[in-house]
Amino acid sequence: MARVAEPSWNAEHERAVRLIENGDCRSALVVLQELAREDPSGWSHALAAIACFRLEDYAAAVAHCDEALERNPDRQEWRQLRAHARANAAAQINLFVPERRFFDRDELLAPPVPPPGTLPPITPAENAPGLRRLLAVLGDGIGFISGVAFGLITRIYGALAGYQDEVWTNWYRRPLWRAILTLAHMREELNRHNLRDVYPKRALVGFQTKGQKPPPGVERCRTADGTWNNLENPMEGAAGTRFSRNVANDAIRPETGARLLTPDPREVSRRLLTRGDPMKEVPFLNLLAAAWIQFQTHDWVSHGENQQGNSYEIPLTQDDEARRNYLLQKFTVGRTQRDPTRLSHGEPTPLTHINEVTHWWDGSQIYGSDWQTLSRLRSGTEGKLAIEADGRLPVGSNGVEETGFVRNWWVGLSMLHTLFVKEHNAICDRLKAKYPHWDDARLFNVARLVNAAVMAKIHTIEWTPAILPNPAVNAGLNANWYGLATNFLRTRDKRKTMAEINIHNPELGGVVGNPIEKHGAPFSLTEEFVEVYRLHSLLPEALDLRSHRDNSPIERAPLAATRQAGAAALTERVGMADLFYSFGTEHPGALVLNNYPKFMQELSVTRNPLIDLGAVDILRARERGVPRYNEFRRQLLLKPIRSFRDLTDDEQQLRQLEEVYNGDVEALDLLIGTLAEQSPSRRPIGFGFGETLFQIFILNATRRLQADRFYTTCYNAEIYTKEGLDWIDDADLKTVLLRHYPELARTGLANIRNAFEPWDNGERLDPARHPLRAFDKELGPDPWIGDKWRK
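Take a look at the structure:
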């Protein structure tokens, strides 16, 4: 905090500064309490505010800032400190959310046994009618023949045509069907070369004993912790099991010592991530897209708590604003928890970590990843989840909503969790009406299957095409769900995931409802998958909240103030319809360099009042042995860049990259390299992110569905019910939103097809804001007429 000559500044002020810099903030407050009584400059209160901030007493920090600014209202840095402290106080950032819990070896290695009574008893399946069995045999036959033919065509075409120029891929410059064939070839190559098991050979996942008998009910229902999806390998994909890898073992090199901090992660963040004004926006997305991807990643991956009392230290330079404004000399970053299940010898992978949540696409962010959480969230009647009479989630003693996963909580997550709790309960109502004799357990478990599938469908054929609006990707993703045959032969409103003749081939018949395929490796998500989903640049600094009725302003909420307890406080004073409308009409930030949220570079978390999340993002990939950018590309069957000029034509960015990385392209961090892929020649047409991230996406997008029993062999009316399958077929994000907030029909939501695009109300829609409409042949020769205006 830059000081000016003040008559009241004396040696005691200097002493207080040294105490704060050394972390002795309580002693500093004793000194400053005496000085503040006769200090007209405001400096004593400003220093006391910093000390209180460092002690996580954010309300006291706000009070001291008020006193300081009353004496000297021109100090802008004091206003910024007050705003930061006020946001933290509103969010109650000093409280742990959730309560801390660490991995325990004995718990992780215990046999998976669901608590008695949690899963409904199995009803013997009736034999399918003869015609249905005949159609299934016909689907098998067509699937076998078409699978052989499609696979042969894909391999031959891929081998002849390739998919790369000197550095970058070129599939997107090909005609549609050739582009689809190329993407299929790329996916098969990745399946062949980049699925790595991280358990010793012949060991089951989680070191479980072979030959365990499946407990009653697991054949038909998902378990809370993800166990028993594979009846022969019961911990596969379960919470408390390892992240696998998409790179070879010799490429996994956890960085330590000087290498870990070279180049300095904080300097990388300051120079290559810091957002300018205004924020660079994505014109074809709304802010729901940003909230949605975090909502989904919380279903898939979490490394849990950081280690206690064992931290990395990132020194701050003299000119660092965090050092000036908060009197910090270093950032401390807790290390990732170790894997307590590692053996003393015989481990194939140099480094492993544990996933706190289930790896499956099972809605665990809503339902939890353990039986205790799931039991606490259920209402106990009619299969429903607990919800308050006003339509909001119950709030716990920590001020945060009660739900399955609450780390990194903010209002965008609160909105989506509330929406899909409501959706779960609506599914229960539909099932109860059809099957009035069903008990609470059966209603709950079938509704969970349906709700999870609705979310998976929305992500597959709505969110992903919205952020990657490219015709080949759009067709490929719809093929993942429905199959190319259904997409070609059926209009949108008549498409069924389970066709009358279900072609048992993932390309022609779709992955969902067809045979399971794991490509020789047990399913789990990977450390590389975690790294490519560091998409914080999507978030703005603040939310401009407006009325869904007339677009009138309600308030401007700093996003930092909507974290933790701030989320429930905001939903109490601003209605959900207004929040969804506001998100639908705001844009997220672009995934490019120098567009990282400023508030995240000076972020407060519990027991660590200031960190730079951008620096942490850089550090984590290095710590966990994820290769840096160029080696990452090699491992994922892409070509490396030869110089920074291969990456960008922007002279300012080029200079920054050269200086930060000292001209060494092999030192380039994965996150920085992927954000730098932003010019049209380095990023596929229409893409919201670059091709390196997309390579991991190609590998995992299909695998998340294809390796899951409940999206393949068990995706049928016997398990889901006919009503459940119909519900999934009829659902998209727009219908879910309108089902629970029908008042949104008066907004631009009713004028568009994909709810992740801007909710524009005009008669004609801008192609730059609604690019997916260009690929929708059902919209006729003029796709830019809004849906409200169509006759």
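The sequence shown lines up with residues 33 to 823 when you count with this note's numbering. Just so it is clear, CB atoms sit at the ideal spot from N, CA and C, and this is done for glycine as well. Keep in mind it's a predicted model, so treat the numbers as computed, not measured.
For N357, report the span of its alpha helix (DSSP H) as first-last.
Membership of N357 in the alpha helix (DSSP H) is indicated by the continuous run 353-358.
Just to check my reading of the structure: Y565 and R307 have Cβ atoms closer than 8 angstroms, yes? What is that Cβ distance to the nearest angstrom?
Their Cβ separation, rounded to whole angstroms, is 20 angstroms, which puts Y565 and R307 out of contact at 8 angstroms.
Tell me, to the nearest whole angstrom, how far the beta carbon of G258 is from that of W392; I am working on the premise that it is less than 8 angstroms.
5 angstroms
Should Q326 and L445 be called a contact, given that it needs their Cβ atoms to be closer than 8 angstroms?
When the beta-carbon positions are compared, Q326 and L445 come within less than 8 angstroms of each other.
Exposed unless 16 or more other CB atoms sit within 10 angstroms - verdict on A14
Any answer about residue 14 is impossible in this case: the structure gives the chain only from 33 up to 823.
Going along the chain, which residues of its own chain have a beta-carbon closer than 6 angstroms to the beta-carbon of A60, five neighbours each way excluded?
A48, L51, I52, A83
Are the stretch 260-269 and the stretch 230-240 touching, with three or more C-beta to C-beta distances below 8 angstroms?
Contact between the stretch 260-269 and the stretch 230-240 is present, because at least three Cβ pairs lie under 8 angstroms.
Are there 16 or more other CB atoms within 10 angstroms of the CB of Q404, so buried, or fewer, so exposed?
exposed
With DSSP as the reference, identify every bridge partner of L575, one or two as the case may be.
A589
Residues near L215 by beta carbon distance below 8 angstroms, same chain, minus five either side
W203, A504, V505, G508, I730
Let's test the definition: count the other Cβ atoms within 10 Å of the Cβ of P148 and tell me whether it reaches 16, buried, or not, exposed.
Flag for P148 reads exposed.
Nearest by alpha-carbon distance to L689: which of F676, T496, D681 is it?
F676
Pairing CB atoms from the stretch 438-452 with CB atoms from the stretch 602-614, are three or more of them under 8 angstroms?
Remark: three or more beta-carbon pairs, one from each stretch, lie closer than 8 angstroms, so the stretch 438-452 and the stretch 602-614 are flagged as touching.
If you check the beta carbons only, do P286 and E563 fall under 8 angstroms apart?
no
Does DSSP classify Y752 as helix, strand or coil?
The three-state reading of DSSP puts Y752 in helix, counting H, G and I together.
Assign F452 to one of three DSSP states: helix, strand, or coil.
helix
Work out the CA separation of P815 and D371 for me, nearest whole Å.
52 angstroms
Reducing DSSP to helix, strand and coil, say where L642 ends up.
strand
N583: buried (16+ other C-beta within 10 angstroms of its C-beta) or exposed?
exposed
Restricting to Cα atoms, I'd like to know which of L702, D758, E337, R133 is closest to G722.
For G722, the nearest C-alpha among the options comes from L702.
Alpha-carbon to alpha-carbon, H536 and W513:
13 angstroms
Check T368 in the structure and name its three-state DSSP category.
In this structure, T368 counts as strand in the three-state DSSP scheme.
Roughly how far, in whole angstroms, is the beta-carbon of G400 from the beta-carbon of A256, given that I think they are within contact range, below 8 angstroms?
Between A256 and G400 the Cβ distance is about 6 angstroms, and since that is below 8 angstroms, they are a contact.
Cα separation between L348 and F363?
7 angstroms
Cβ neighbours of V768 in the same chain (closer than 6 angstroms, five flanking residues each side left out)
E455
Considering only the alpha carbon of each residue, which of I499, G542, T496, N457 lies closest to A517?
G542
By how many angstroms is the C-alpha of D56 removed from the C-alpha of N793?
56 angstroms
Can you tell me where the beta strand (DSSP E) holding G341 begins and where it ends?
338-347
Sub-8 angstroms separation of R410 and F452 beta-carbons:
no
Can you grab the Cα-Cα spacing for the pair L700 / E44, in whole Å?
Pairing L700 with E44, the inter-Cα distance amounts to about 46 angstroms.
What did DSSP end up calling F363 once you bin it into helix, strand or coil?
In the structure shown, F363 sits in a strand (DSSP, three-state: E or B).
Starting from S407, follow the alpha helix (DSSP H) in both directions and report where the run begins and ends.
403-409
What span of residues does the alpha helix (DSSP H) with S636 cover, start to end?
Per DSSP, S636 lies in no alpha helix (DSSP H); the unbroken beta strand (DSSP E) holding it starts and ends at 635-637.
By how many angstroms is the C-alpha of V427 removed from the C-alpha of F182?
Linking F182 to V427 through their CA atoms gives a straight-line distance of about 52 angstroms.
Determine, using beta-carbon pairs with one atom in the stretch 270-279 and one in the stretch 588-602, whether at least three such pairs fall under 8 angstroms.
no
Using 8 angstroms as the threshold, is the C-beta distance between A653 and L679 below it?
no
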